[in-house]
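Using the numbering used here, the first residue of the sequence shown is number 130, and each one after it goes up by one.
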Amino acid sequence: MAAFTSLFPSRRRQRPPHRDRRPTTGLAGRDFLLLLLATLGTFANYAPMLTVVPLWTARGAAGEGGAGAATAVTMATTVAVQLCMGWLTRRFTLRRLLGAGALLLGLPTFGYVLSSGLAWVLAVSAVRGVGFGVVAVTGSALVAELVPPEQRGRAVGWYGVAVGLPQVVLLPLGAWLAAEGHFGAVFAAAGALSVGAVPLVAAMSGRSAASSPSPSPTASRTPQPSASGSYRPLLRPALLLAAASVALGGLTSFLPFVLARPDLAPTALLVLFVAMIVGRWAAGVWSDRRGPGRLVLPAAAVCAPAVAVLALTAGHGATVPVALVMVALYGLADGALQNETLVLMFRRAGPYGSGAAGTAWNMAYDGGTGLGSAGVGLAAPWLGPGGAFGSVAALIALSVPGGARLRTGGRVRRARPVDASGDLPARSDP
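Here is the structure:
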């Protein structure tokens, strides 16, 4: 009888174990899900602090200048550490850097409650800026490591959703809680959420979607240069993104003056960030279906007239509905441009270049946003809000022709079961 049944093995025996049915890497993989959850945790720390820390500093009698200095110090150390990310990614794995960045972002947050003095707040903000700079670069670079090239558009889109949701929900919530005097609760929750991302990062397998099933030890441990050997292939999309981000920095800081109704500014900011999330996600789906780079030129071309119309309607109460529509249109276009430029940078960086692409993208985005906030603030007293945003629209328009040469064309081919693309970022070992 046993001999007879052995000729017909049961279907249950042939079924692979349950743990093998869910892939570790890829868009539906466990590692990418853990990355999204860790991103939600770290940006849930970053987003509310944008408004809560200045309010906390002002409470310590530092004045408006001190409140602005806290944000300036955070962004200064963020950009400074991003300049060093090339050196760091050659010596440490992306996962270890992401875990360290989450700790540097989260642990100092608990320290805010000790004092609202300007010197203390600036010191804590400087350390948090280092952590955020590491988190921003390594998180985006891990997207390219954990998913194959034909899924990167959607992966970057979902990563954008994880980045944007805390800004939509927690930025106004944090401001409301701070206005009610619950600073300690906000600091504790934000610190815990970022620190809680560390075990999520540690739970990742450390495998790459582009690696072979049995990589050699040296293949994942030896730092490799990018295909280009420089940032030159990334310069054009980075400049285009930076130009569009100038408008974002201006809008987030001076939207009340553009709308001529300060009471509608929170609603307009909500519209802006929701539209950006939708734009990033939709562009990711389009990128995987049609190929990366096809939306770069249309998205940049829409940003310029949207900001120009905002400039024309600045200060006019009767045109507030038009301004809100332009805010939504700009948010959609800028979100699509953010997604497309990052996916395009991953492709241009070539094998082992995801760290360089993530660094260039984040520096362009953060630098453009900071320049927009400072530039519009300096120009508005001389040109007025309309003139300042008109100058921003002209800057974006001047950058649009550069987007015409960024279209890669061609649909991304689906990888074979055993991927041989070799698109493996440096230092991907666990």
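Positions of the beta carbon are idealized from the N, C-alpha and C atoms, including for glycine. Since this is a predicted model, take the numbers as computed values, not measurements.
Linking Arg419 to His311 through their CA atoms gives a straight-line distance of about 48 Å. Proximity of the stretch 488-501 to the stretch 199-214 meets the contact definition, three or more beta-carbon pairs being nearer than 8 Å.
Boundaries cannot be given for Val242, as no alpha helix (DSSP H) includes it and DSSP labels it neither H nor E.
In the displayed model, Thr488 falls within a helix according to three-state DSSP. When the alpha-carbon of Leu226 is set against those of Met214, Leu453, Trp511 and Ala517, the nearest one is in Met214. Only buried fits Pro183, as 16 or more other CB atoms lie within 10 angstroms of its CB. By the C-beta density criterion, Trp410 is buried, having at least 16 other C-beta atoms within 10 angstroms. Distance from the Cα of Leu164 is smallest, within the candidate group Gln280, Trp287, Ala304 and Val259, for Trp287. Here Arg361 carries a helix assignment [DSSP, helix/strand/coil]. Each residue's CA atom was taken as its position, placing Val456 and Phe383 some 13 Å apart. Boundaries of the alpha helix (DSSP H) around Pro427: Val425 to Thr442. In this structure, the beta-carbon distance from Val285 to Asn491 does not fall below 7 Å. Taking the Cα of Thr218 as reference, the smallest distance to any Cα among Leu271, Ala199 and Val181 is reached at Leu271. Separation of Val521 and Ser334 (C-alpha to C-alpha, rounded to the nearest whole angstrom) is 44 Å. Approximately 7 Å separates the beta-carbon atoms of Val250 and Trp185; this is inside 8 Å, confirming the contact. Annotation for Leu322: the continuous alpha helix (DSSP H) segment containing it runs Phe312 to Val324. Ala433 and Ala493 do not touch by the CB rule: their CB atoms are close to 17 Å apart, not below 8 Å. Within the stretch 167-235, complete beta strand (DSSP E) segments of at least 3 residues are not found at all. Per DSSP, reduced to three states, the secondary structure at Leu163 is helical.
For the 7 Å CB-CB criterion, Ala372 and Leu524 form a contact.
Of Ser483, Gly289 and Leu364, the smallest CA-CA separation from Leu461 is found for Gly289.
By the C-beta criterion, the stretch 161-177 is judged to be in contact with the stretch 306-323, since at least 3 inter-stretch pairs fall below 8 Å. With respect to Pro421, Val472 sits close: the two C-beta atoms are nearer than 7 Å.
Between the C-alpha atoms of Leu243 and Pro510 there is a straight-line separation of about 37 Å.
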